[in-house]
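Student: I'd like to ask you about the structure that follows.
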Amino acid sequence: QVQLVESGGGLVQPGGSLRLSCAASGSIFSFYTMGWYRQAPGQQRELVARITSSGSTNYADSVKGRFTISRDNAKNTVYLQMNSLKPEDTAVYYCNAHLTVDFNSWGQGTQVTVSS
Numbered sequence: 004q005v006q007l008v009e010s011g012g013g014l015v016q017p018g019g020s021l022r023l024s025c026a027a028s029g030s031i032f033s034f035y036t037m038g039w040y041r042q043a044p045g046q047q048r049e050l051v052a053r054i055t056s057s058g059s060t061n062y063a064d065s066v067k068g069r070f071t072i073s074r075d076n077a078k079n080t081v082y083l084q085m086n087s088l089k090p091e092d093t094a095v096y097y098c099n100a101h102l103t104v105d106f107n108s109w110g111q112g113t114q115v116t117v118s119s
């Protein structure tokens, strides 16, 4: 199983930007579909963005045009650039690595708070 460590969360004002990073261990990172999920208090975890091994991406409707997911396979890292942040983006953001049902890993999460 790949080990994931997120970083880059914090407090930001509405309209601001943050970039999340997720560093992965292991030598087959490039084969994984990588995703960012988030979970707000009292809500279910939801998909924010996902990038496949070939670089195809998809986004939740709520973040399209504001967030960008990317990956650097040489650094075993996936990023989430978040622009024009809104208070409703406040959540714990989790990194996910998925290869098969048996190879599916989560990071510990990083808090993002959007507030003035």
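First residue of the sequence shown: 4, per our numbering; consecutive thereafter.
Every residue gets a Cβ at the ideal spot worked out from N, C-alpha and C, and that includes glycine.
Which residue's Cα is closest to the Cα of Leu7: Asn99, Leu21, Phe106?
Tutor: Counted from its first residue, the sequence shown places residue 7 at position 4. When only C-alpha atoms are compared, the closest one is Asn99.
Student: So, using beta-carbon positions, are Leu23 and Trp39 closer together than 8 Å?
Tutor: Position 20 of the sequence shown, counted from the first residue, corresponds to residue 23. Position 36 of the sequence shown, counted from the first residue, corresponds to residue 39. Yes, the Cβ-Cβ distance between Leu23 and Trp39 is below 8 Å.
Student: Give the single residue among Lys67, Ile31, Gly45 whose Cα lies nearest to the Cα of Thr103.
Tutor: Counting from one through the sequence shown, the residue named residue 103 turns up at place 100. Residue Ile31 is the option with its Cα nearest to Thr103.
Student: What is the DSSP secondary structure of Ser73, counted as helix, strand or coil?
Tutor: In the sequence shown, the residue the question calls residue 73 occupies position 70. Looking at Ser73 - three-state DSSP - the assignment turns out to be strand.
Student: Note down, in chain order, each residue of its chain lying with its Cβ closer than 7 Å to the Cβ of Leu14, except the 5 sequence neighbours on either side.
Tutor: As a first step, residue 14 is located in the sequence shown; it is residue number 11 there, counting from the start. Closer than 7 Å at the Cβ level, and outside the excluded window around Leu14, lie Thr116, Ser118.
Student: Per DSSP, Ala27 forms a beta bridge with which residues?
Tutor: Here residue 27 corresponds to residue number 24 of the sequence shown, with the count starting at 1. Looking at the DSSP assignment, Ala27 forms a beta bridge with Leu7.
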